[in-house]
Ligand SMILES: [Zn+2]
């Protein structure tokens, strides 16, 4: 039995510039029909649980809809992409949403110093980093208030900032999942030491630098994920969906040199322990 520990089940539409004629299986569309089919295709392949992440405030109205689906573990938060907006307004939106509908975790929150930084001057870059950090801190606070783990996007170039903020805000009290880790391998041990889990997807099983991170992470701290539907598989060229956690799990088992069942059983235990379901 497999688990996709990070998927955007209810998602904002894929930007049209990513549409390519060669893609097999079509472009994901966030209709309820597509979503139900995506979940049922995954289930047929043994993916019985999916951690559904709603991290764009535009998608908050669909949180209730997600809660009505079976075997979905609910995570909600405000992505760093929204950091330049009116943060106090976004935070109160989030608070209102989780009132009486407590999620299993707060996320994805965190930092990424690559996307959206291209055309900025140094001052603007500093401002954007500060805005992201501020939003990250505020949401750690919310997770602590409701005593739920955080789901952290640790993107490109964030290096020590993630670790520093986690320490300063004592986020280790609630723990969490480090998702999409793209930073230095030197910081992995610090995050492991604070009790965090690392969640690995398609890219981690392909890039040499990221494979090292999988090797460094003990089985007891590994989670498997797809981050659906935002990544493209190279061959066959298609959008990665929750069902693809099967092939991702096989790759990870290979890298860890363990039997697939040993890996998937351990991943399920890890996920249950973290998200308490
Ligand atoms: Zn994500």
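Residue numbers (my numbering): 118 to 394. Positions of the beta carbon are idealized from the N, C-alpha and C atoms, including for glycine. Small disclaimer: the values here were computed from a predicted structure and weren't measured.
Coarse secondary structure for residue i, derived from DSSP in three states
i	result
residue 121	strand
residue 172	coil
residue 355	strand
residue 317	strand
residue 126	coil
residue 341	strand
residue 150	helix
residue 155	helix
residue 324	coil
residue 232	coil
residue 238	coil
residue 261	helix
residue 311	coil
residue 132	coil
residue 247	helix
residue 214	helix
In DSSP terms, what residue i is bridged to
i	result
residue 164	119
residue 192	170, 222
residue 333	Partner(s): none; residue 333 has no beta bridge.
residue 227	270
residue 350	355
>> Count Cβ pairs between the segment 296-314 and the segment 247-261 that sit closer than 8 Å; are there 3 or more?
In response: no
>> Using a Cβ distance threshold of 8 Å, determine whether the segment 144-158 contacts the segment 357-365, with at least three qualifying pairs required.
In response: yes
> What residues does ligand 1 have around it, judged by CB closer than 7 Å to any heavy atom, in chain order?
Replying inline: 123, 125, 170, 172, 225, 270, 296, 297, 344, 347
> Which runs of the alpha helix (DSSP H) spanning at least 4 residues fall entirely within the segment 267-299, listed in chain order?
Replying inline: 276-285
> Counting Cβ pairs, one atom from each stretch, are 3 or more of them under 8 Å apart for the segment 216-224 and the segment 255-275?
Replying inline: yes
> Fully enclosed by the segment 368-393, which alpha helix (DSSP H) runs are 4 residues long or longer?
Replying inline: 377-392
>> Does the contact criterion of 3 or more C-beta pairs under 8 Å hold for the segment 121-137 versus the segment 174-183?
In response: yes
> Quick one: any contact between the segment 235-247 and the segment 180-196, if contact means 3 or more CB pairs under 8 Å?
Replying inline: no
>> Whether or not the segment 335-344 and the segment 286-293 are in contact is what I'm after, with contact meaning three or more pairs of Cβ atoms, one per stretch, closer than 8 Å; do they touch?
In response: no
> Contact between the segment 140-153 and the segment 273-285: three or more CB pairs below 8 Å?
Replying inline: no
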